[in-house]
């Protein structure tokens, strides 16, 4: 396990050394979202009974930050290594696909959770935190960041230049995150768009995470958990297969 621990340590240091960019900047972005949307909609929207809109918005922003930064960590690491040519130093040691997968994804989870905690700490000044079921909060935060870390790994393997990874993020990850009910409850949407939302696995990550705060959600948390676990298993299977074959990284 020496190689795994070394690669994990390297990946953790990679984002921590530029913490202002990788941790502080996303926290500030989430705070700006909170200020803008809370001022515009606080008096007009109450998604859950007895839950102010600002309180409703905070878990969504936390989870959005967790997901986006977990993806960014794994994807940026791989594409930078490809472009600069130092990926060879990761591939030369006898690291198994599982060790490579674990190191990249665990580092992505660490960054996602760190940013999420920062966002929660800052936004707690605007809405007193509620904890109806803390276990669900932790479960969905870890699973969600693991899924996005795995998708970042897949995106990094697929992409061969920065433009491609930006396209992957801007046309897939970001729309799926914004349409996952971060800023609204899907019950406020027309029937057609509710159906579309339920086809988005990101929705179940956000909805289950929010359940941990208020004990209320658009779908039962057990359903969300099952779909999130299945999504992680599918994404992990794809990522491990790509690492085993060496597609676009060894050939």
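Numbering (this note's numbering), first residue to last: 573 to 823. Heads up, the beta-carbon is just placed ideally off N, CA and C, and yes, glycines get one too. None of these values were measured; they are calculated from a predicted model.
Boundaries for residue 620: no alpha helix (DSSP H) harbours it, and the DSSP string shows neither H nor E there. In this structure the segment 671-684 touches the segment 714-733; the number of beta carbon pairs closer than 8 Å is three or more. Around the CB of residue 654, 16 or more other CB atoms lie within 10 Å, so the residue is classed as buried.
In the three-state scheme derived from DSSP, where H, G and I count as helix and E and B as strand, residue 597 is classed as helix. Contact between the segment 739-757 and the segment 666-676 is absent: fewer than 3 CB-CB pairs across the two stretches fall below 8 Å. Within the same chain, 650, 653 and 821 come within 8 Å of residue 659 by CB-CB distance, once the 5 residues on both sides are set aside. Within the same chain, Cβ atoms closer than 8 Å to the Cβ of residue 737 are found at 647, 648, 651, 727, 728 and 731, the five residues on either side in sequence being excluded.
Contact between residue 776 and residue 800 holds: CB atoms are separated by about 5 Å, below the 8 Å threshold. Looking only at 790, 701, 805 and 750, the smallest Cα-Cα distance to residue 723 is reached by 805. Under the three-state reduction of DSSP, residue 742 is assigned to helix.
In this structure, 672 is the residue among 672, 802 and 762 with its C-alpha nearest to the C-alpha of residue 574. With the rule of 3 Cβ pairs closer than 8 Å, the segment 596-612 counts as touching the segment 623-642. Nearest C-alpha to residue 610 among 591, 593, 592 and 632: 632.
Residue 769 sits away from residue 778, with the two beta carbons spaced by 8 Å or more. Between residue 698 and residue 634 the beta-carbon gap is near 12 Å, outside 8 Å, which marks them as no contact. Shown here, residue 575 sits in a helix according to DSSP, grouped into three states. A Cβ-Cβ separation of about 3 Å places residue 704 in contact with residue 787 under the 8 Å criterion. When DSSP states are grouped into helix, strand and coil, residue 654 belongs to the helix group. Setting aside the 5 residues that flank it on each side, residue 740 is surrounded in the same chain by 727, each with a C-beta closer than 6 Å to its C-beta; the list follows chain order. Inter-residue distance for residue 661 and residue 725 is about 17 Å (C-alpha atoms, whole angstroms).
Contiguous alpha helix (DSSP H) elements confined to the segment 690-739 occur at 706-730, taking only those with 4 or more residues. DSSP, reduced to helix, strand and coil, places residue 665 outside both helices and strands of the structure shown, so it counts as coil. Here DSSP, grouped into helix, strand and coil, assigns residue 821 to coil.
The beta carbon of residue 808 sits closer than 6 Å to the beta carbons of 722 from its chain, once the five residues preceding and following it are set aside; these are given in chain order.
Rounded to whole angstroms, the Cβ separation of residue 685 and residue 713 is 6 Å, and the two are in contact under 8 Å. Residue 773: member of the alpha helix (DSSP H) spanning 773-786, first to last residue. Look at residue 756 here: in three-state DSSP terms it is coil, with no helix or strand label.
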